[in-house]
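A.B. asks: After the structure tokens below, expect a handful of questions from me.
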Amino acid sequence: MTTEQELRSLFNTLDRDQDGKISINELFLSPGLSAVISSQTNTTSPQELIVQYDSDKDGSITFEELKQAVQEASI
1 MTTEQELRSL
11 FNTLDRDQDG
21 KISINELFLS
31 PGLSAVISSQ
41 TNTTSPQELI
51 VQYDSDKDGS
61 ITFEELKQAV
71 QEASI
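Straight run, no breaks: the sequence shown in the UniProt record's numbering ends on number 75.
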């Protein structure tokens with residue numbers, strides 16, 4: 001399991017525009033990091049991550065949504 005600090009670092013790297021959200025475009029711009037996220041959340045694609053864990057349905061993933069996805073996948 002990834003620590004919260006490691007997850008935050010990964011999130012910040014993916015959040016290229018630093019708006020506090022990871023968009024589908026940002027996920028596609030970093031395929032290696034997206035693969036890490038997919039393995040941590042048991043999803044197979046950036047689209048699946050967004051569909052399953054974008055709780056506010058704004059088309060992007062916040063840090064809290066990502067943290068929740070990782071926690072659910074580790075159960």
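Note that beta-carbon positions come from the ideal geometry of N, C-alpha and C, so glycine has one too. Remember, predicted model here, so these are calculated numbers, not experimental data.
For D15 and chain C, any beta-carbon pair shorter than 9 Å?
C.D. replies: No chain C is present in this structure, which holds just one protein chain.
A.B. asks: Tell me the residue span of the alpha helix (DSSP H) that contains T41.
C.D. replies: 31-41
A.B. asks: Where do the ends of the alpha helix (DSSP H) carrying I50 lie?
C.D. replies: Element bounds for I50: 46-53.
A.B. asks: Could you please give me the residues that DSSP links to I22 through a beta bridge?
C.D. replies: I61
A.B. asks: Give me the residue from V70, D56, Q52 with the minimum Cα distance to R40.
C.D. replies: Checking the displayed sequence, the identity of residue 40 turns out to be Gln instead of Arg. The candidate whose alpha carbon is nearest that of Q40 is V70.
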